[in-house]
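Inspection log for the structure reproduced underneath, given as structure tokens.
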Amino acid sequence: MSTRTPLPTVNERKTENHTSNGHGRVEVASRSARSSGRSRSSGSGSVAEDQPPHVGNYRLLKTIGKGNFAKVKLARHILTGREVAIKIIDKTQLNPTSLQKLFREVRIMKLLNHPNIVKLFEVIETEKTLFLVMEYASGGEVFDYLVAHGRMKEKEARAKFRQIVSAVQYCHQKHIVHRDLKAENLLLDADMNIKIADFGFHNEFRDGQQAGPVLAAPALAQRPSSSRAKLQPGPGGRLEPGGHPLHTRQRVTALRRTEPEGAA
């Protein structure tokens with residue numbers, strides 16, 4: 000019986016195929032196929048029990064998110080039993096610019112290690128697919144939490160905001176600006192702690208660099224230059240144009256206005 004080992008740290012691995020050859024290459028295969036193969040070879044005639052597919056050392060459980068070119072699966076590490084979120088990205092659907100942006104995001108996430116930022120544990124890459132093994136925030140988005148429960152009490156909101164500021168300060172110390180802080184990109188773990196996610200719009204800066212469109216949130220950067228005239232040196236203090244990310248009332252109201260009549 001093998002000894003339990005901790006979840007691997009960030010480890011980017013490339014493979015030319017999807018099968019394990021015993022030399023450390025990543026395996027992306029269905030356990031049910033392997034099990035059925037063993038059953039046939041044994042001649043027992045028993046039907047192998049269906050098992051969910053695997054990615055490396057992770058058993059995929061269910062889909063918890065989906066986008067145009069990617070989906071997020073809940074998975075469990077085979078040895079430790081730890082639940083993770085695996086973002087599965089179809090590289091064949093991305094143009095060169097989008098691929099470059101994706102790899103920049105992966106590089107930045109590897110550098111970040113803060114209790115209030117979603118951790119990237121491992122990167123598994125095949126010819127057509129990129130698997131990002133990340134920390135699982137079971138509490139979901141802050142946006143969904145506020146829609147379901149209404150505004151937070153001041154004490155609770157203060158604790159959440161303190162965690163956000165701590166994570167933002169850490170990023171700025173690493174010369175990184177997130178640029179897209181909003182309730183949809185703030186996740187909650189099982190203990191209701193903040194986890195900042197989605198560094199797709201991030202940028203890097205140098206000490207003393209004048210703040211501008213490169214460091215501003217996308218919506219602010221698109222405004223006329225006159226509205227950005229008073230930006231100060233450094234990454235600045237704005238968390239999000241139009242308010243901080245715990246204020247979602249306007250977006251919730253707009254969302255409800257756009258729901259079709261009779262929608263649940």
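Note that numbering that gives the first Met the number 0 gives residue 263 to position 264 of the sequence shown, counting from 1, and the numbers run on in steps of one.
A virtual CB, placed ideally from N, CA and C, is assigned to each residue, including glycine.
- For residue 204, the secondary structure class from DSSP, reduced to helix, strand or coil, is coil.
- Between residue 175 and the set 68, 89, 75 and 112, the nearest pair of CA atoms involves 112.
- Short of 6 Å from the beta carbon of residue 132, and not among the five residues preceding or following it, lie these beta carbons of its own chain, in chain order: 83, 85, 120 and 121.
- In this structure, the CA atom of residue 69 is about 4 Å from the CA atom of residue 88.
- Sequence-distant Cβ neighbours of residue 184 in its own chain, meaning closer than 6 Å and more than five residues away, are 196 and 197.
- For residue 91, the secondary structure class from DSSP, reduced to helix, strand or coil, is helix.
- The alpha carbon of residue 59 has as its nearest neighbour, out of 74, 95 and 150, the alpha carbon of 74.
- Residues 174 and 175 of the same chain have their beta carbon placed closer than 7 Å to that of residue 203, with the five preceding and five following residues left out of the count.
- Shown here for residue 189: same chain residues with a beta carbon closer than 6 Å to its own, the five before and five after excluded, namely 137 in chain order.
- DSSP links residue 73 through a beta bridge to 61 and 84.
- Secondary-structure assignment with DSSP links residue 130 through a beta bridge to 87 and 123.
- The DSSP assignment places no complete run of the beta strand (DSSP E) inside the stretch 139 to 172 (cut-off: 3 residues).
- The alpha carbon of residue 115 has as its nearest neighbour, out of 205, 158, 62 and 63, the alpha carbon of 158.
- DSSP, reduced to helix, strand and coil, places residue 194 within a strand of the structure shown.
- Taking C-beta atoms under 8 Å as the contact rule, residue 201 and residue 178 qualify, at a distance of about 6 Å.
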